[in-house]
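Comments concern the structure below.
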Amino acid sequence: MTLLQIENLAIDLTRGAQTHRLVSDASWQLDAGQTLAVVGESGSGKSLTALAVMGLLADELTPAAGHILFDGKDLLTATDDELRQLRGPQIAMVFQEPMTSLNPVKTIGYQLTEGMRHHLGFSAKQAKARALDLLEQVGISDAKRRLKQYPHHFSGGMRQRVMIAIALACKPRLILADEPTTALDVTIQAQILSLLSRLCSEQGVGLVLITHNLGIVARHARRVVVMYAGSVVEAADARQLYRAPKHPYTHGLLSSVPRMDTRKGSKLLPIQGAPPDPFDVLRGCRFNPRCQHATDKCLTDKPLIDHMAVHAVACWNQLDTPLDHTLNRPISNNASGETRNP
Amino acid sequence: MQTEATLETPVHRQRENRLRATLAKDRKAQFGVVVLGLFIVAAIVAPWIAPNDPNEMTLDMMNPISAAHPFGTDDLGRDLLSRIIFGTRISLFIGFSTVIIALIIGVTLGIAAGYYGGRLDFIIMRYIDLQWAFPNFIIAVYLVAVFGTGLFNIIAAISLAFIDDFARVTRSMTLSIREEQYVDAARTMGFSNIRIMFGHVLPNAMAPIIVQATVSVSYAILAEASLSFLGLGVDADTPTWGLILADGRGFISQAWWLGVFPGLAIMLVVLSINFIGDWLRDALDVRQAI
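Taken in order, these protein sequences are the chains called A and B. Each residue of the first sequence is one higher than the one before, starting from 5 at the first, in my numbering. Each residue of the second sequence is one higher than the one before, starting from 904 at the first, in my numbering.
Quick look at the structure:
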C-alpha cells in the first residue's frame, strides 16, 4: 500500500519578480512500513522535498506543481488544520542538527510528552510512562533521571536519540529523517541510523532517509532515489543501484566514497566541478557540464525519466557495465590518469 | 557542584535550588532581596508600625529629626516617617501592577508581531513606533491629563506608556527565535501557533523581558512619583513618595529631610529591584546552570 507518493513535484523560489525552479519533476513513492533513501549533494532539492511534505517551506518557496499524496490525501491542498492533525500522530520528522532541534529551556520529559498529551490525549502519567519506555527503546539508560534533564545535559548522539524518541512518541506512520546523522561523530552515525531503521521497521513506520552519503544508506533502504540539481536522476532498488548504477552521476557518487574492499593503490574519484547554480538556465541535461559521457544530445535535450520503471534513469547515455567497486574504476577508461591499475 | 542531588529533584525544585545557589553568591541580589523585602513588609503592616497617622496634622511643623519624629515633620506637622511608610503601599502597588499589565499586553503584541510577521507585524509595529516617538512619561502625563487623576487612571496611564518597551524587546527576540530549528521541530509535531508562541518561543525570550520588567518597575515607581510631584498623582490625601517630595520641594532650603528621605526610599527600592532583576536573569537561565 502506498503511504507517501510524490508526483511531479516542483518547487519555485520567488525573489522579487523573478522565479527560479529549485525542484522540478520530483517523483517517488514509499510503501507503508518501508524505507526509502533520497540521496544527493547539497542543493539537490532533497531537503526541500522533505520540507514540502511537512509543509515547512519558507515563505518565498512555493510548491508550483505536482502532488504530495499521504495516504491518498494531497498535502499541498490540505488546510492548516488538517496538516496540524497529520503532523505528529501521522508524520514526524527527525532533523539534521540535534544540537538545535531541541528547545534548550524545556526538559527532555516535557518535550517528549507534549505531543502525546496534545495529540493522543494522554494524561501526564500515561505520557510519562510512555516517555520512559521510549527513552529505553532508543537506548538511553537511567531514563527516569534523564526525563528531568535539559538538552544541554545530553551529547549530540544522545540528543538525536531523544529526537527519534520524540518522533516516535505519537506513533506516526511516516518519519522523515533529514540527514539524521550528518552532524554526529562518525563513530555513532551507524549506531543512530541502525537504531532509527530498526525501530521504524519494528513498529511498521515508513521511513524516508535523506542523506548525501550513499554509503551509509546501503544497508537500511530498500529503494534509493538519487536527486541532482532539483530532479530525480535515478531510482532503483538499493542492491541494483549499488551494483550497477546507470547514471554517470550515481556512478560518480559511488566512486567517490571510500570502501573497505577498495584495492590498495586505487584512488577515490571525485566528481569534477560543482552542481549548477539553480539561477542559471541550463539546457539539456543539468549534469552535462560535469559528465564524462556527455554527447551533443545532452547539451540540448533534457533526458526524461520513467518514474514507474523498476530501475528509472534520466540519461541519454546510460552506463550498462556493473561497477567494479574494488577498483573504483569508471566504466570508460579516460579518467585523466586518476586511476592506476594495480 | 551539586550535580547528582540536583538531577534527582523535580523541575520546580531544581529551579528553586538554582535560585538559592546563585543568590548565595550574589551580594547585590542579597541586598536587593532584603531591602525590597523590608519595604514590602512595611507596606503590609504600615498601620501597626507607623508611629503616627500619616495625615494627622500637628503643631510641630517642620521639626527636624528627633526621637518623636525620626525623619522629622513636614510643613503641616505630619510625621514624615509615617508618611513614607504609608507611601510605600501606593508606590510599590503602582510599580508592580503597571509593569504586570504592560508586560502582558506588550509581550503579546510583540510575540504576535514577530511570529506572524507580514501585515500584522506592520500594523502592530507602526502603533509601537508611534508610541516610541514620545517619551513614556509624556504619554502618561497626557493620558492622566485627559482621563483625570485617581489610582485606576494612573495605573492605566503608566501601563500603557510602557507597552512599547515590552513589545519591542519581545518582537526582536521572537524574530531570531522563530528561525530556530526547535520551532520548526515543534511545527512538525503539529502544535498550534499559539502553543508554539507561548510554549516554545516565549520561554526562550524571557531573559531580556525580565530585565526589561525590572527596569520598568523602577521607572514606574519614578513615573508615579513624578506624576504626583506634578500634581497629577493619585490624590492629595493619599501619601505617595512623589507627593511627599512635591510637598517638600518648597521648603528644601529650610528642611532638607523633606527631600532626602522620600528620595532615599525611591532610590533604595529602585536599586533593589534592579539587583534582583540581574539575579533573576542569570538564575532562570537553565543553560548556564550546573
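The beta-carbon is built from N, C-alpha and C at its ideal position, and this holds for glycine as well.
6 Å Cβ shell around alanine 248 (chain A) - same chain, five flanking residues per side excluded
For the purposes of this step, residue 248 (chain A) is taken as the residue at position 244 of the first sequence. Apart from sequence neighbours up to five positions away, the residues of its chain that approach alanine 248 (chain A) with a beta-carbon distance below 6 Å are Pro326, ordered along the chain.
Quick check on DSSP: helix, strand or coil for tyrosine 1085 (chain B)?
Here residue 1085 (chain B) corresponds to residue number 182 of the second sequence, with the count starting at 1. When DSSP states are grouped into helix, strand and coil, tyrosine 1085 (chain B) belongs to the helix group.
In the DSSP assignment, what residue or residues form a beta bridge with phenylalanine 989 (chain B)?
Along the second sequence, read from residue 1 onward, the residue named residue 989 (chain B) stands at position 86. Bridge partners of phenylalanine 989 (chain B): none, in fact.
Could you say which of A:Ala69, A:Met167, A:Phe74 lies nearest to threonine 117 (chain A) if we only look at CA atoms?
One-based indexing of the first sequence puts residue 117 (chain A) at position 113. Nearest option by C-alpha distance: A:Met167.
Under the three-state reduction of DSSP, which class applies to tryptophan 1182 (chain B): helix, strand or coil?
In the second sequence, the residue the question calls residue 1182 (chain B) occupies position 279. Residue state, collapsed to three classes: helix.
Classify arginine 290 (chain A): buried if its beta carbon has 16 or more other beta carbons within 10 angstroms, exposed otherwise.
Residue mapping note: residue 290 (chain A) aligns to position 286 of the first sequence, counting from 1. Taking a 10 Å sphere around the C-beta of arginine 290 (chain A), we find 16 or more other C-beta atoms and assign the residue as buried.
Buried or exposed (CB count within 10 angstroms, at least 16 for buried), methionine 231 (chain A):
Residue numbering aside, residue 231 (chain A) sits at position 227 when the first sequence is read from its first letter. A residue is called buried when at least 16 other Cβ atoms come within 10 angstroms of its Cβ; methionine 231 (chain A) meets this threshold and is buried.
Given alanine 173 (chain A) as reference, the closest of A:Ala133, A:Asp78, A:Arg287, A:Leu303 once Cα atoms are compared
For the purposes of this step, residue 173 (chain A) is identified with residue 169 of the first sequence, where counting begins at 1. For the residues A:Ala133, A:Asp78, A:Arg287, A:Leu303, the minimum Cα distance to alanine 173 (chain A) belongs to A:Ala133.
Give me the chain A residues within the contact set of proline 1106 (chain B), using Cβ-Cβ distance strictly less than 8 Å, ordered along the chain.
The residue labelled residue 1106 (chain B) in the question sits at position 203 within the second sequence. Taking a Cβ-Cβ cut-off of 8 Å, the neighbours of proline 1106 (chain B) in chain A comprise Asn107, Val109, Lys110, given in sequence order.
Leucine 941 (chain B) versus leucine 1171 (chain B) - alpha carbon distance:
Start at 1 with the first residue of the second sequence, and residue 941 (chain B) comes out as number 38. Start at 1 with the first residue of the second sequence, and residue 1171 (chain B) comes out as number 268. If you draw a straight line from the Cα of leucine 941 (chain B) to the Cα of leucine 1171 (chain B), it is about 11 Å long.
Near-chain A residues of the region 1081-1092 of chain B (beta-carbon distance less than 8 Å), N- to C-terminal order:
Along the region 1081-1092 of chain B, going in chain order, the ones with a CB nearer than 8 Å to a CB of chain A are Glu1083, Gln1084, Tyr1085, Asp1087, Ala1088, Ala1089, Arg1090, Thr1091, Met1092.
Taking the C-alpha atoms as reference points, what is the distance between threonine 906 (chain B) and glutamine 153 (chain A)?
Here the question's residue 906 (chain B) lines up with position 3 in the second sequence. Here the question's residue 153 (chain A) lines up with position 149 in the first sequence. Because the pLDDT at threonine 906 (chain B) is just 42, under 50, the model does not fix this residue reliably, and the value given afterwards should be weighed accordingly. Note on geometry: alpha-carbon atoms of threonine 906 (chain B) and glutamine 153 (chain A) lie some 11 Å from one another.
Every unbroken beta strand (DSSP E) within the region 160-215 of chain A, with a cutoff of 3 residues, ordered by chain:
Fully enclosed beta strand (DSSP E) runs of 3 or longer: 178-182, 210-215.
Along chain B, in chain order, which residues have C-beta atoms closer than 9 Å to that of leucine 60 (chain A)?
Counting from one through the first sequence, the residue named residue 60 (chain A) turns up at place 56. Within chain B, the residues near leucine 60 (chain A) are Asp1087, Arg1090, Thr1091.
Excluding sequence positions up to five away, which residues of its chain have a Cβ less than 7 Å from the Cβ of leucine 939 (chain B)?
As a working note, residue 939 (chain B) is residue 36 in the second sequence. Excluding the 5 residues flanking it on each side, leucine 939 (chain B) has same chain C-beta neighbours closer than 7 Å at Val1172, Ser1175, Ile1176, Ile1179, in chain order.
Counting Cβ pairs closer than 8 Å, one from the region 44-64 of chain A and one from the region 8-28 of chain A, do we hit at least three?
Three or more Cβ pairs closer than 8 Å define a contact, and the region 44-64 of chain A meets that threshold against the region 8-28 of chain A.
Thinking just about the alpha-carbon of each residue, which of B:Phe999, B:Leu1135, B:Asp1140 is nearest to the one in isoleucine 1113 (chain B)?
On the second sequence, position 210 is the one that residue 1113 (chain B) refers to. Nearest neighbour of isoleucine 1113 (chain B) by Cα position, chosen from B:Phe999, B:Leu1135, B:Asp1140, turns out to be B:Phe999.
What in chain A is Cβ-close to serine 1095 (chain B), meaning under 7 Å?
Translated into positions along the second sequence, residue 1095 (chain B) becomes position 192. Under a criterion of Cβ atoms nearer than 7 Å, the residues of chain A adjacent to serine 1095 (chain B) are, in order, Arg88.
Assuming alanine 1186 (chain B) contacts arginine 921 (chain B) under a Cβ cut-off of 8 Å, what Cβ separation, rounded to an integer in Å, is found between them?
For the purposes of this step, residue 1186 (chain B) is identified with residue 283 of the second sequence, where counting begins at 1. For the purposes of this step, residue 921 (chain B) is identified with residue 18 of the second sequence, where counting begins at 1. That pair is a contact at about 5 Å.
Would you mind sorting glutamate 959 (chain B) into buried or exposed? The rule is 16 or more other CB atoms within 10 Å of its CB.
The residue you call residue 959 (chain B) lines up with position 56 of the second sequence. With fewer than 16 Cβ atoms within 10 Å of its Cβ, glutamate 959 (chain B) is classed as exposed.
Closest Cβ-Cβ distance between threonine 104 (chain A) and chain B: below 8 Å?
Taking the first sequence and counting its residues from 1, the one referred to as residue 104 (chain A) is at position 100. Taking Cβ atoms only, chain B reaches closer than 8 Å to threonine 104 (chain A), which makes this a yes.
Going by CA-CA distance only, name the one from B:Asp1181, B:Ile1014, B:Lys928, B:Val1044 that's closest to glycine 1102 (chain B).
Along the second sequence, read from residue 1 onward, the residue named residue 1102 (chain B) stands at position 199. It is B:Ile1014 whose Cα lies nearest to the Cα of glycine 1102 (chain B).
Should the region 135-148 of chain A be called in touch with the region 170-190 of chain A, which here means at least 3 C-beta pairs below 8 Å?
The region 135-148 of chain A vs the region 170-190 of chain A: in contact.
Go ahead and pull the three-state DSSP assignment for arginine 91 (chain A).
For the purposes of this step, residue 91 (chain A) is taken as the residue at position 87 of the first sequence. Of the three classes helix, strand and coil, the one that applies to arginine 91 (chain A) here is strand, per DSSP.
Could you have a look at threonine 325 (chain A) and say whether DSSP puts it in helix, strand or coil?
Walking along the first sequence from the start, residue 325 (chain A) turns up at place 321. In the three-state reduction of the DSSP assignment, threonine 325 (chain A) falls in the coil class.
Closest to glycine 47 (chain A) by CA distance: which of A:Lys271, A:Val236, A:Arg263, A:Cys295 is it?
Here residue 47 (chain A) is taken as the residue at index 43 of the first sequence, counted from 1. Closest option to glycine 47 (chain A), Cα to Cα, is A:Val236.
Going by C-alpha distance, which of A:Ala233, A:Val221, A:Thr215 is nearest serine 202 (chain A)?
Along the first sequence, read from residue 1 onward, the residue named residue 202 (chain A) stands at position 198. In the sequence under discussion, the amino acid at residue 202 (chain A) is arginine, which differs from the serine named in the question. Residue nearest to arginine 202 (chain A) within the set A:Ala233, A:Val221, A:Thr215 is A:Val221 (criterion: CA-CA distance).
Please state whether DSSP places aspartate 1150 (chain B) in a helix, a strand or coil.
Within the second sequence, residue 1150 (chain B) is the residue found at index 247, counting from 1. In the structure shown, aspartate 1150 (chain B) sits in a helix (DSSP, three-state: H, G or I).
According to DSSP, simplified to helix, strand and coil, what is aspartate 929 (chain B)?
If you number the second sequence from 1, residue 929 (chain B) lands on position 26. Coil, per DSSP.
Just to check, is the beta-carbon of methionine 1076 (chain B) closer than 7 Å to a non-hydrogen atom of the ligand HEM?
This structure simply doesn't include the ligand HEM, nor any ligand for that matter.
State the Cα-Cα distance for the pair leucine 910 (chain B) and methionine 1100 (chain B), rounded to the nearest angstrom.
Here residue 910 (chain B) corresponds to residue number 7 of the second sequence, with the count starting at 1. Here residue 1100 (chain B) corresponds to residue number 197 of the second sequence, with the count starting at 1. Low per-residue confidence applies at leucine 910 (chain B): pLDDT is 46, beneath 50, and the placement is therefore not dependable, though the value from the model is reported in the following sentence. C-alpha separation (whole angstroms): 28 Å.
Classify glycine 277 (chain A): buried if its beta carbon has 16 or more other beta carbons within 10 angstroms, exposed otherwise.
Residue 277 (chain A) sits at position 273 when you count from the first residue of the first sequence. Answer is exposed; the Cβ neighbour count stays below 16.
Of all the CB atoms in chain B, is at least one closer than 8 Å to the CB of methionine 120 (chain A)?
Here residue 120 (chain A) is taken as the residue at index 116 of the first sequence, counted from 1. Judged by the 8 Å Cβ criterion, methionine 120 (chain A) is not in contact with chain B.
State the DSSP-derived secondary structure class of tryptophan 1160 (chain B), mapped to helix, strand or coil.
By 1-based counting over the second sequence, the position of residue 1160 (chain B) is 257. Helix, per DSSP.
Pick from A:Ala233, A:Val229, A:Glu86, A:Arg267 that is closest to lysine 250 (chain A), judged by C-alpha positions
Numbered from 1 along the first sequence, position 246 holds the residue referred to as residue 250 (chain A). When only C-alpha atoms are compared, the closest one is A:Val229.
Just verifying my parser: in three-state terms, what is the DSSP assignment at asparagine 955 (chain B)?
As a position in the second sequence, residue 955 (chain B) is number 52, starting the count at 1. If DSSP states are grouped into helix, strand and coil, asparagine 955 (chain B) belongs with coil.
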